[in-house]
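Take a look at the structure set out below.
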Amino acid sequence: MTLASIDAWLAEIGDGDIEDWANKGLLRRGRKLAEASGADAVETDGERLTTRLDGHRQTLSGPGFDRLDCGCPATATCHHLVALLLLAKTTRMATIDESAAAAGAADPDWLLGDEAPLVRSLGRAHWDRAGRWMRLGLVPELEEGPAGWVAEVTERASERVRMARSAGPEAATCTCGAPRCSHRALVVLELRRRLGLFDPASVENALSREQTESLAAIERWMTQLAAAGLAGLSPAMTDQGRVLATAARQADLPRVGALMAALLDLLEQDRQGRSFADVRGIGGTLAALRLLVGSLEKAVPQVPLLRLTGVNRALYRKVAGLRLIGVAAEHWQGRLGQEGISVHCYAPGEGRWYRLTETRRPLQDQQGQWDPVEVWRHGRWAEGPPLRELPASEVLLRTGWVSAEGRLSGRPGTRLEHRALRDPAAELPVETDFGALRGRFAEVMVEDLMAPPPRLPVVIRIAQAGSRQFDPQTQWWTQPVTDPNGAELTIGILVRNPVSALKRQRMETRAPGSAQGWRLFGTLYRAQAGLALDPIALLTDGAAAWMSLTL
Ligand SMILES: [Zn+2]
Ligand SMILES: [Zn+2]
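Going by the UniProt record's numbering, the sequence shown opens with residue 1, and the numbers climb by one from there.
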């Protein structure tokens with residue numbers, strides 16, 4: 001029985017699972033060791049699989065990574081165990097194929113059964129937290145295959161959960177690295193929701209005790225601030241504010257935490273007498289924070305399922321006759337190894353931004369077979385225009401689908417026309433008042449209450465650029481730019497992969513000197529050090545098209 005369940009699990013896991021559980025380096029070393037040892041190194045007593053590698057003994061006593069054991073002195077995962085898994089997969093292949101065929105893709109018992117054993121194995125706290133997430137509309141992005149599920153959970157950061165079909169949560173991995181976590185619980189709840197076994201509306205308290213307390217403390221702090229006024233603001237109060245901002249982030253209130261931090265930055269600037277324009281900014285941010293905290297507190301008993309924070313493909317709506325201005329293309333790399341290209345477009349009629357994205361899905365484990373630059377050169381949008389012609393083009397989407405988050409779809413049935421633009425910036429909203437832009441960012445932050453802090457696409461016109469700085473410690477590249485009234489904004493690039501390194505290099509070579517009068521397209525977001533603009537493309541005066549910084 002045990003051996004059959006081990007076989008079923010081995011059939012369902014691949015290199016991606018092993019890499020998420022161990023890491024790339026251990027996978028490589030383990031593979032080397034396995035190749036040197038040969039498949040007949042695996043022995044079985046009918047219940048367990050064992051190997052003897054490098055003079056140590058390894059055992060796999062059940063389905064799941066935590067059923068692995070090695071006698072070597074390594075305290076955590078070792079490459080011997082990776083080798084055991086790879087060898088066992090090879091040796092057991094014959095058995096595996098049969099059992100996998102027998103199991104098919106039916107819903108497994110652990111998923112269909114009573115919730116008590118699931119709560120026990122996932123942990124009550126994680127289970128409850130995942131329930132609250134679902135109540136607030138946090139939905140994992142799920143991909144289902146015959147071997148199981150790969151899910152992307154985007155809460156504060158993106159984490160990837162892999163759950164094998166036969167073994168379930170007991171043998172699941174998550175990139176957060178914790179042995180048990182709310183990400184895994186969220187995936188199980190979403191699977192049960194799809195089967196009608198869980199209803200998010202049944203979760204009574206959408207906010208946890210920590211969240212309620214955090215909101216109440218911030219409410220008291222804001223009252224104190226209002227009483228003291230800007231003149232009476234003490235360092236003790238700003239210190240307390242920082243503590244509350246951190247507490248809000250830790251209590252899963254990222255937007256509250258980010259708004260608090262934004263407010264404290266403005267108060268700090270004001271205290272140092274740096275800018276008059278920011279007094280208005282302080283009022284706006286304080287109002288936004290008040291509105292957000294108030295809505296969260298009031299909404300608790302009957303929070304509707306808020307717009308999800310991940311991307312749910314079902315939420316695309318059909319549009320007809322949407323006119324789009326192609327602006328800029330970018331190549332990007334994410335923290336979890338996701339990679340893709342996006343073409344950013346502006347819809348003048350709606351006054352909002354859209355993007356068309358081509359990406360390699362994390363489910364496809366093969367490395368190096370998908371080249372974003374190739375896709376950029378040869379790809380098309382729904383059998384329509386070549387991607388590389390989209391920037392500086394005008395597109396009429398006769399029939400198409402767009403998501404609530406502003407994604408454009410390339411699904412079959414899409415019909416569109418395109419033609420070249422004469423002036424690439426003619427219809428774009430160009431921001432020339434950076435103070436007002438800060439205010440707009442604060443407004444966007446309150447639009448979607450529980451979503452992670454947003455990235456706001458913007459086009460700015462630069463009156464003057466300051467000197468560039470690079471901090472080798474944090475890998476943070478910055479350049480201050482100012483508008484005609486002298487209000488400042490920071491262009492910031494976190495140089496952490498080849499694509500962001502290229503972006504930095506191009507900012508330095510293509511935007512030399514004062515950069516006066518240049519237009520810059522990018523996304524505005526809250527970085528650790530404050531509000532920053534992540535640049536995507538540049539437009540010099542008289543140029544026929546935007547220059548991408550990454551393609
Ligand atoms: Zn070992
Ligand atoms: Zn996790």
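Quick reminder that beta carbons are idealized off the backbone N, C-alpha and C, glycines included. Given the structure is predicted, the values throughout are model-derived calculations rather than measurements.
Discussion item. Could you check whether the Cβ of A74 sits closer than 7 Å to any heavy atom belonging to ligand 1?
Written reply: Mapped onto the sequence shown, residue 74 falls at position 74. Answer for A74: yes, Cβ within range of ligand 1.
Worksheet item: Is the distance from the Cβ of D270 to the Cβ of Q211 below 8 Å?
Response: As a first step, residue 270 must be located in the sequence shown, where it is residue number 270. As a first step, residue 211 must be located in the sequence shown, where it is residue number 211. Not in contact: D270 and Q211 (Cβ atoms no closer than 8 Å).
Item to complete: Determine the burial state of D483: buried for a count of at least 16 other Cβ atoms within 10 Å of its Cβ, exposed for fewer.
Response: As a working mapping, residue 483 is identified with position 483 in the sequence shown. Classification for D483: buried.
Worksheet item: Going straight from the alpha carbon of D471 to that of T432, what length do you get?
Response: On the sequence shown, residue 471 is found 471 positions in, with the first residue counted as 1. On the sequence shown, residue 432 is found 432 positions in, with the first residue counted as 1. Between D471 and T432, the C-alpha separation is close to 28 Å.
Discussion item. What I want to know is whether the C-beta of L27 ends up closer than 7 Å to one or more non-hydrogen atoms of ligand 1.
Written reply: Residue mapping note: residue 27 aligns to position 27 of the sequence shown, counting from 1. Result no, Cβ not under 7 Å from ligand 1.
Worksheet item: How many whole angstroms separate the CB atoms of I218 and A248, which I take to be in contact at a CB cut-off of 8 Å?
Response: Mapped onto the sequence shown, residue 218 falls at position 218. Mapped onto the sequence shown, residue 248 falls at position 248. Confirmed, Cβ separation roughly 7 Å.
Worksheet entry | Cβ-based burial, T51 [other Cβ within 10 Å; buried from 16] | Along the sequence shown, one-based indexing puts residue 51 at 51. Result: buried.
Discussion item. I need the straight-line Cα distance from S208 to W133, nearest angstrom please.
Written reply: Residue numbering aside, residue 208 sits at position 208 when the sequence shown is read from its first letter. Residue numbering aside, residue 133 sits at position 133 when the sequence shown is read from its first letter. If I take the Cα positions, the gap works out to 10 Å.
Worksheet item: Which class does P235 belong to by DSSP, given the choice of helix, strand or coil?
Response: On the sequence shown, position 235 is the one that residue 235 refers to. Note: P235 maps to helix in three-state DSSP.
Worksheet item: Are L233 and L267 touching if we call contact CB-CB under 8 Å?
Response: Numbered from its first residue, the sequence shown carries residue 233 at position 233. Numbered from its first residue, the sequence shown carries residue 267 at position 267. Yes, Cβ-Cβ distance for L233 and L267 is below 8 Å.
Discussion item. Three Cβ pairs or more, each shorter than 8 Å: is that satisfied between the stretch 73-91 and the stretch 133-148?
Written reply: no
Practice prompt. Determine contact between the stretch 170-188 and the stretch 121-132, defined as no fewer than three beta-carbon pairs at a distance below 8 Å.
Written response: yes
Worksheet item: Where does H331 land, buried or exposed, given buried means 16+ other C-beta within 10 angstroms?
Response: In the sequence shown, residue 331 corresponds to position 331, counting from 1. Counting Cβ neighbours within 10 Å, H331 comes out buried, since at least 16 surround it.
Practice prompt. Measure the alpha-carbon distance for E488 versus A463 and round it to whole angstroms.
Written response: On the sequence shown, residue 488 is found 488 positions in, with the first residue counted as 1. On the sequence shown, residue 463 is found 463 positions in, with the first residue counted as 1. The C-alpha of A463 is placed about 10 Å away from the C-alpha of E488.
Worksheet item: Do you know how far the Cα of L215 is from the Cα of L286?
Response: Mapped onto the sequence shown, residue 286 falls at position 286. Mapped onto the sequence shown, residue 215 falls at position 215. The C-alpha of L215 is placed about 14 Å away from the C-alpha of L286.
Item to complete: Give a yes or no on whether the C-beta atoms belonging to L60 and A36 are separated by under 8 Å.
Response: Translated into positions along the sequence shown, residue 60 becomes position 60. Translated into positions along the sequence shown, residue 36 becomes position 36. The answer is no: Cβ separation not under 8 Å.
Item to complete: State the start and end residues of the unbroken alpha helix (DSSP H) segment that holds T91.
Response: Taking the first residue of the sequence shown as position 1, residue 91 is located at position 91. That run of the alpha helix (DSSP H) goes H79 to T91.
Worksheet item: Relative to the alpha-carbon of V434, which residue among E405, A420, W401 and N485 has its alpha-carbon at the smallest distance?
Response: Within the sequence shown, the letter at position 434 stands for residue 434. This sequence places Phe at residue 434; Val is not what is there. Of E405, A420, W401 and N485, the residue nearest in Cα terms is N485.
Worksheet item: If you draw a straight line from the C-alpha of P169 to the C-alpha of R129, how long is it?
Response: Numbered from 1 along the sequence shown, position 169 holds the residue referred to as residue 169. Numbered from 1 along the sequence shown, position 129 holds the residue referred to as residue 129. In a straight line, the C-alpha of P169 is about 16 Å away from that of R129.
Worksheet entry | Nearest neighbour of V293, chosen from G257, L264, Q272 and D109 [CA to CA] | Sequence index remark: in the sequence shown, residue 293 carries index 293 (1-based). Of the candidates G257, L264, Q272 and D109, the one whose C-alpha sits nearest the C-alpha of V293 is G257.
Fill in: Residue from Y354, D541, R165 and A545 whose Cα sits closest to the Cα of V402
Within the sequence shown, the letter at position 402 stands for residue 402. Selected option, being the one with the closest Cα: Y354.
Worksheet item: If you scan the stretch 511-541 from start to end, which runs of the beta strand (DSSP E) of 3 or more residues do you find wholly inside it?
Response: 519-527 and 530-539
Fill in: Under 8 Å between C-beta atoms of A236 and M260
Within the sequence shown, the letter at position 236 stands for residue 236. Within the sequence shown, the letter at position 260 stands for residue 260. Result no, Cβ atoms of A236 and M260 do not sit closer than 8 Å.
Practice prompt. Measuring alpha carbon to alpha carbon, tell me which of V444, A436, M507 and Q475 ends up nearest A465.
Written response: For the purposes of this step, residue 465 is taken as the residue at position 465 of the sequence shown. Among V444, A436, M507 and Q475, the Cα nearest to that of A465 is on M507.
Worksheet item: My guess is that G334 and S548 are in contact by the Cβ rule of under 8 Å, so how many angstroms apart are they, rounded?
Response: Locating residue 334 in the sequence shown gives position 334, counting from the first residue. Locating residue 548 in the sequence shown gives position 548, counting from the first residue. At roughly 18 Å, the Cβ-Cβ gap does not stay under 8 Å, so G334 and S548 are not in contact.
Worksheet entry | Beta carbon of R192 nearer than 8 Å to that of E12 | Your numbering for residue 192 matches position 192 in the sequence shown. Your numbering for residue 12 matches position 12 in the sequence shown. No; because the gap between Cβ atoms is not below 8 Å, this pair is not in contact.
Discussion item. Would you say the beta carbon of L159 is closer than 7 Å to some non-hydrogen atom of ligand 2?
Written reply: Position 159 of the sequence shown, counting from 1, holds the residue named residue 159. Reading off the sequence, residue 159 comes out as Glu, not Leu. Yes, Cβ of E159 sits closer than 7 Å to a heavy atom of ligand 2.
Worksheet item: Straight-line CA distance for E19 to I493?
Response: For the purposes of this step, residue 19 is taken as the residue at position 19 of the sequence shown. For the purposes of this step, residue 493 is taken as the residue at position 493 of the sequence shown. C-alpha separation (whole angstroms): 28 Å.
Fill in: N-terminal and C-terminal residue of the beta strand (DSSP E) that residue 631 is part of
Since the first and last residues shown for the chain are 1 and 551, residue 631 lies out of range.
Practice prompt. Please classify S5: does DSSP put it in a helix, a strand, or coil?
Written response: If you number the sequence shown from 1, residue 5 lands on position 5. Three-state DSSP puts S5 in a helix.
Fill in: Pick from G113, A39, S5 and N23 that is closest to M67, judged by C-alpha positions
Taking the first residue of the sequence shown as 1, we reach residue 67 at position 67. Note that residue 67 corresponds to Arg in the displayed sequence, not to Met. The shortest C-alpha separation from R67 is found at S5.
Discussion item. Can you tell me whether P424 is buried or exposed? The criterion is at least 16 other CB atoms within 10 Å of its CB, across all chains shown.
Written reply: Numbered from its first residue, the sequence shown carries residue 424 at position 424. P424 should be labelled buried.
Worksheet item: What did DSSP end up calling P386 once you bin it into helix, strand or coil?
Response: In the sequence shown, the residue the question calls residue 386 occupies position 386. Three-state DSSP puts P386 in a strand.
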